[in-house]
Each structure stands twice: as structure tokens, then as C-alpha cells.
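Everything on this sheet refers to the single structure shown next.
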Amino acid sequence: MLWNKKIFLIAYLIILAILVSLCFPKILSGQAIDTNLLSLLPQSHYSEKKTQAIHHINQPLNERIVALVGSPNSETSAQLASKLVSTWQNSHLFQRIDWQIDVQQNQLIHDIASLRLAGISEQSIDNAHDFFTRRLQSITNPFTPHIVPIDKDWLGFSQQIIQKLSHHSYIELHPSTNTLQIHDGHYHWVLITAIPIARGKALLDEFNANEQWIKNNSGTLLLSGGPIYSAVGQTQGEQESSWMSLISVMAVITLLWFSFKTIRLLSLFIPIVFSFITGFLVCVLVFGQIHILTLVISTSLIGLVIDFPIHWLSHAWHEPWNAERSMQKTWKPFFVALLTTLLGYFMLCWTPIPILQESAVFSMATLITAFLFTYFVLPKYFRNWEPKRSNIQTIISSIQKTIHRFWQFFDAHRLASYLGIIAICLIFPPSFKDDISHWVHLPEYWLNQSKLIAQKSGINPASQFFLITAPNETELLALDKQLSQSLDTLKTQGLIQNYTSLSQWVNSSPTQTQLREKIKQLVQSPDARLLSSIGIPDEVWKKEADDVLNLPTLSINDTLKYEFAQRWKTLFLGQIDHQYASLITLDGVSPQAISSLKKLIDLNKRSDTSIEWVDYKQDINDVFHHARTQATIYKILSLILVLVVLCVCFGLRNGIKIIQVPIFASLLTIICLSVASVPIGIFSVFGLLLASAIGVDYAIYALNSKSQSHGILLAFLTTFLTFILLAFSGTPAVAQFGLSVSIGVLWNMALAIKLSYQLQRL
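The sequence shown begins at 6 in the numbering used here and counts up one residue at a time.
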């Protein structure tokens, strides 16, 4: 045994050194822990076009922070925004901050002028009389704002381009400060976007300080964006992981102290510490990083890891203590229990949910390490231990008797009990449902900030969008325009708030050619005398028309190279699989609009082109549903494999007795969750899988030692104490998992105690 121990320790230290050396660069760079909420999402098998489209949509949402700095006065808002930007720059927490159109006014005028042919609307010059009448009113109205001076834009073509910059939202370019501003009737808001370097608490502390400073200066700061949600999630995860770990450790230590009353109990944390270190390193090695929510979930493994030594130590309650002899008696059920638990976790590796894969790998590495440390290391620390009588044994015996009486009552009224269960199932049918919105919990404060920014800016991105493809840019823009006209109808009906498409920004090459002809007709129109009537010489505005006619025909990319075209830049995907692709994004989609939006695909179909409706959130929920179905199938397969293992180790009859425990416990857990109105999602199924593996362990211990149900109950208490804490997590998915496991292990323990009493009568 001593020689085996030395070999194990040497081998483990070598493996640990290899793991540390491989993972150290990631840990040192701070990239080992992932806080990105999008990392939690399942990997869907999208086409390259769809994958790139979703990336274009998600990237700005994930990496950018949107801030609105407001006050009753426009200039004051700009000053506050300027000071905020300076503070952010000096904090070194941001890699990029945008708040002004970073060009001189002359350059801005020149850039906009170069887009006149590519950007003006056909309809605006269809009727010469209406066109010149509008120009006359605009030029003579002293209250009409003109970013481009009138003497450089007699025909108003540049003004049309500028109007496009704010036409699809409430955001307008403020010429005196070169800022994008919103006026909501009370406040003037300056728009700032930023890409942070830092994440987590440092970012939130900076924002809290910024908000207080602006408030003290009679202003208001609104913030939203993916990095904030990640920072909130990371901070919340770290806090939960810390307090859950602390409470778990204290609860387990207290329980074990009252059970065994020896300072040697501290040695039980050797397998806990080293197994968690190993699990962390293996996870980083396999996946490149580990998500913060995986760490939160994994804190519950403390109770499970300590099950092995608890069952081993509980032998001292029933027989003279000998550390090595007791270990030899228990290693076989330990090993079989470990094997069955690993089978359950191994099945989770095949689900498409990254966090479940991480949790499975982390748990397998942790449990294997804990088992080996328990077997090879712990006997040394309890070799000369003299157990003391503990009152906890009396308490456990009382609990066991209560459980036994419960099952006696159940058996005595079996028909009524089964009818009662059936009635409960009919009254409270289980709800099998997954929703991405239930995965994470954002504080009400940040949700309100996001809603206010969407309300004030008029930009409220939906998870649905159209992906259109065509063999060339001309057909792409033609299809885009046709679909946009259909969307205008839905917008008028109030089914969607707004949309953004490429055809709103740029004209196709044939359209630009047609515009040249229309401008020539415009110049020759007798209605042009309206400009002459207010003293504008013909040669002045005609020269401007000639300048527009001489502009080159621009491609889509030509019009997107400017900073002020950022909104449309994310829509164009370029060439994918020899097809040009672009997006039409939607804002404020009502549930009633979905069917109408889908119908637009058939109404606007063309040959050699395609329109795809992408509902990203619904696609994710569908993947969750598929993953839940997969996990259920894997659970059934794992139970079959476990039954085979049990039959090989303990015989067919005993194998069936053992497997009945997790099966009935799972059914009773589903009933309890239904009564509590808890939807059974992928994390609940994950919890059932884990609880089933624990139930097999309990049943094996009950079968292996008919007089040792005390150890089962004590192991249950440590496991229950750690998993029930997860039910109080601020993350709904984690809370569902914790509740599912807690109820599951409760029923598994009760059924294992029932099995133990049945075996005692044999």
C-alpha cells in the first residue's frame, strides 16, 4: 500500500506539473476564465452565410458599450460627454471610444458630396415641380438646419444624405460639436460608443463613479451593452462562487465535526482541493477556458467529492476501526459508484451546450482525482484514529426511522398513494420548456437602462432578421429594395418599429445611371425657374448638377468606407460561396408580426436569389429543445449501461434493485418540479442526470452494507447542503439545476433507505 501510494503521488505530481505548464500562459494572461454570455449559447449547425450573418449582428452587441450623456442643454451635454470621454481615456480601461464624427467639416462636406449620386432617392426627383418647390421652401426657411452650407448644396442632394444618417432613429448629427445627439423634448443626449479592454468589477466600478460624477454635475448617464452584462455576470458569478463555496465548506465541516469529532477531518479537504485544481486545469486544457457559470455550478461538487470518505469513515460507527481494512472493504462499491457517475457525466459531453460539456469534463476530472486521493492518501491520516460516540448517530437513526415509517404508510395505502400521484400529475402537468431569457438574470437597474436607451434612440434590435443573397450587387440591392417596400407596409401597420437595409443607403449601379438621366431632365425643367425667382443664378446650381453627373458610379463597398456609414457597414457580408449577401435588420418586432414577416419570403422570391428568415433567439431555443431531448436519451442510455455494469458486478437481481432507485427518484422529482411550477429545461435534465448517478451510488452502498444506511444519510446531507445553495443563485438556469439535483438526491436517499430496510428483512 505504501509503495502504491508513492507511485500515485509521483504520477499525480507529474500530471499536475504538465497541466500547469500547458495552462499557465492562459492563466497568466487572464484568459482562463470566460465571462462572455454568448459563450453559453449552443453551437448551432448553421451554414457559412448564416454563421457570418449572426456574427455580424452579435459582434457589436457583444463588444460595444453604448452611453447616453444627457442634460437640458445641448452644449452642457457635449461638455459632460467630453469630460467623460477624457476620464475613460485616462482610465486605460478602453481600447476605443467614439463620440464625435472625426473629420473636419470641410472633409465631411466633401465626403457626403461624393455620395450624392449613389445616395439620393429616385422618388425625390421624379416630379420636378415638387422637387423645386421643396428646395425653395427649405432655402427660404431660416429655421431649417443646414450642416452643408446652402451655397454648396443648392439642390439639397447632400442634405438628403445627411438625413439618412438619422432617418431610421432619433439620432441626429449636431454640427457645432460634431456629435450625434438625441433630443427627447426635455433632455439633449450625446451618444458615445466604446469598446472596453477590462471586464468585471473594474468596469462596473468605473461606471458607478462616472454616473455619480455626472449626476453631481446636473446630468444623467445611461449605459448598456454586452460588456456590461458580462461584467455583471462575472461579478455575480464570482460573488456566488465565493459565498457558496464558503457556506458549503463551513456546513460540511460543521456536520462532519458533529459526526466524527476529530481534527483529522481537515485532511478530507486534501482530495477536495487537489480535485478542484485538477478539474479546473483539465477544463482549461480541453476547452481553452472555463466559463464563470461552470465554476458556480462546480462549487456544489464539494458535497459529492466528500461522499467517498464519508462512507469510508461511517464504518467506524458499526465496527472496530481499521483504516486500511475499511478501505479494502469499500473500494469496490466506491469504484463501481464512480464508474456509474462518470457514465452519466460522459453522456453530457455529447450535448451541444458548451456549459454542460465544461461541467461534465470538470466533474469527471474532479471525481477521479477525489477517488484516487481518498484511496491512496486518506488512510494514512486516520490510521490511529479512535472514533468517539456522536449524538449525530442518534439524530440520523431518528431520521431513518421517520423515512421508514413514511414508506410503511405508503405501502399500507399503496392504491391510494398511486391514485394521489396520478391526480397530482393531471393537476400539475410538467412543463418541458427552454428559453434563453431564463438562462441569465440581469439586475432590474441595467435592464431599465437598456430600455431607456432603446426608447430614446429609436433603435431596439430584434433577434430576427432577413439574410438575402444574389449573384451580383445589382440584383442584391434590387431584392433588398423590394423587400424593404414590403417592410414599409408592416411598419405603417405598426407590426414593426423600424428596419435597416442597404437599399436605404445606396443605389444600385443601374439606378445611378437612371438618376443621371433624371437629373438631366431636372436641369431642363421649366420649374427650375423657382430657384431663379429667389436670386440663385442658373449657372451656380447647374454647375452643381454637372458635378453630380460627373461623379463615378459607386459600388456598395465604396459607400461604406466612411465612418458615418457604420450602421450600414454591418449589413453587407460581401461574397460568400460566389454569392453576394446582406442583412435587413429589424427593430421592435411585435409577436403578431412574425407570421407576416415569414410570408414576405415567398412574396419577394426571385430566380437566382434567396431570402432567409433568421430568428436567432427561436433557433437557440430550438437547439435547447433538441439538447434536452438528447440529454433525456443519453440519460436512458446511461441507465441501461449502468444496469449492465451493475449486473456484471452484483448480479441481475441486485442490479435491477439498484437501478429502480434512480428511475423512481427521477419520476418523483419531475412531479415535485411540476407542483412547484418550475419548467423542466436542459439544466433540470442535467440535474436529473447527476441525481440519478448519485442515486445509483446510494443504492450500491445500501446493497453493499446492509447495516450502513447511516453513511448514506450523512453523505446525502453533505451533498444536499451544497446543491441546495445553487437553488438560491441569481442565475435562473443555475437555480433550476440546483433545485433539480436537491430534490433528486432527496428522493434517491429516501428510496435507498427503503432498499436498505428491505435488505435487512432478508
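Just so you know, even glycine gets a beta-carbon here, dropped at the ideal spot from N, CA and C.
8 Å Cβ cutoff met for residue i and residue j
i           : j           : result
residue 2   : residue 39  : There is no way to answer for residue 2, as the model of the chain reaches only from 6 to 767.
residue 746 : residue 429 : no
residue 696 : residue 674 : yes
residue 670 : residue 749 : yes
residue 372 : residue 343 : yes
residue 719 : residue 754 : no
residue 689 : residue 741 : yes
residue 5   : residue 723 : Residue 5 cannot be examined here, being either before or after the span of the chain that is shown, 6 to 767.
residue 644 : residue 661 : no
residue 584 : residue 732 : no
residue 468 : residue 350 : no
residue 246 : residue 300 : yes
residue 106 : residue 183 : yes
residue 685 : residue 694 : no
Per DSSP, cross-strand counterpart(s) of residue i
i           : result
residue 584 : 581
residue 254 : Answer is none; residue 254 lacks a bridge partner.
residue 101 : 200
residue 195 : 74 and 186
residue 466 : 592
residue 130 : Looking at the DSSP assignment, residue 130 forms no beta bridge with any residue, so it has no partner.
residue 618 : 471
residue 38  : 295
residue 225 : 75
residue 230 : 70
Three-state class that DSSP yields for residue i in the structure shown
i           : result
residue 639 : helix
residue 505 : strand
residue 295 : strand
residue 763 : helix
residue 712 : Annotation note: pLDDT 49 at residue 712 (below 50); position unreliable, coordinate value reported separately. Of the three classes helix, strand and coil, the one that applies to residue 712 here is coil, per DSSP.
residue 474 : strand
residue 485 : helix
residue 329 : helix
residue 522 : helix
residue 348 : helix
residue 115 : helix
residue 391 : coil
residue 447 : coil
residue 245 : helix
residue 179 : strand
residue 284 : helix
residue 567 : coil
residue 340 : helix
residue 544 : helix
Closest residue to residue i among the options (Cα-Cα distance)
i           : options               : result
residue 175 : 728, 529 and 503      : 503
residue 28  : 275, 125 and 290      : 290
residue 179 : 569, 306 and 609      : 569
residue 242 : 690, 735, 212 and 660 : 735
residue 133 : 544, 554 and 524      : 524
residue 513 : 527, 324, 630 and 480 : 480
residue 606 : 476, 77, 597 and 618  : 618
residue 436 : 757, 676, 322 and 498 : 676
residue 196 : 655, 100, 83 and 744  : 83
residue 325 : 387, 603 and 466      : 387
residue 36  : 166, 292, 466 and 190 : 292
residue 252 : 211, 655, 304 and 550 : 304
residue 366 : 338, 286 and 308      : 286
residue 100 : 297, 232 and 117      : 232
residue 786 : 640, 727, 67 and 25   : The structure shown does not extend to residue 786, since the chain is modelled only from 6 through 767, so no value can be given for it.
residue 762 : 425, 726, 708 and 14  : 708
residue 309 : 744, 764, 759 and 728 : 728
residue 236 : 249, 258, 222 and 203 : 203
residue 587 : 575, 76, 136 and 653  : 575
Integer-rounded CB distance, given that residue j should sit under 8 Å from residue i
i           : j           : result
residue 439 : residue 626 : 6 Å
residue 403 : residue 266 : Wrong, their Cβ atoms sit about 19 Å apart, outside the cutoff.
residue 383 : residue 272 : 6 Å
residue 228 : residue 72  : 5 Å
residue 279 : residue 356 : About 28 Å; that fails the 8 Å criterion.
residue 466 : residue 283 : That pair is no contact at about 42 Å.
residue 208 : residue 215 : So it is not a contact: roughly 11 Å between Cβ atoms.
Below-8 Å beta-carbon distance, residue i vs any chain B residue
i           : result
residue 453 : Going by chain labels, chain B is absent from the structure shown, which holds only one protein chain.
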